[in-house]
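J.: Have a look at this one before I ask anything.
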Amino acid sequence: MINQFDASQALIVVLSFESSQISKKLQHSLCQQRYRELLQMMKVKVSAAAVKELIEEIEQYKGPLDKLQNQSDFKRKVDNFKKIIG
Numbered sequence: 000m001i002n003q004f005d006a007s008q009a010l011i012v013v014l015s016f017e018s019s020q021i022s023k024k025l026q027h028s029l030c031q032q033r034y035r036e037l038l039q040m041m042k043v044k045v046s047a048a049a050v051k052e053l054i055e056e057i058e059q060y061k062g063p064l065d066k067l068q069n070q071s072d073f074k075r076k077v078d079n080f081k082k083i084i085g
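In numbering that gives the first Met the number 0, the protein residues as written are 0 to 85.
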């Protein structure tokens, strides 16, 4: 079913870490691992360079994923990205 996601659904997956409910789950290593696997799957679903760049930023983040949304530089990039996509 996930393999059938379109680009807009893939974007929702990529940005899901912003949800407080998802962020709480990302405290757990298995959830982090699954989220990273989802990112890999979504990478092939999107064609927009900005989305791929955002995925790469998340992949390169070395800290715990539940803290990602609190990183000021990353938050700024996500905010700019959201302005671009409307």
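Cβ coordinates follow ideal geometry from the N, Cα and C atoms, glycine included.
Candidates Lys-81, Ala-47, Gln-32: which alpha carbon is nearest Lys-61's?
T.: It is Gln-32 whose Cα lies nearest to the Cα of Lys-61.
J.: Whose C-beta lies closer than 7 Å to the C-beta of Phe-80 among residues of the same chain, with five residues either side of it excluded?
T.: The answer, listed in chain order, is Ala-49, Leu-53.
J.: Quick one: residues in its chain with C-beta nearer than 6 Å to the C-beta of Cys-30, no 5 flanking neighbours on either side, listed in chain order?
T.: So the qualifying residues of the chain are Lys-24.
J.: Would you check if the distance between the CB atom of Tyr-34 and the CB atom of Leu-14 is smaller than 9 Å?
T.: Going by C-beta atoms, Tyr-34 is not nearer than 9 Å to Leu-14.
J.: Can you give the Cα-Cα distance for Phe-16 and Leu-10, rounded to whole angstroms?
T.: Approximately 11 Å between the Cα atoms of the pair.
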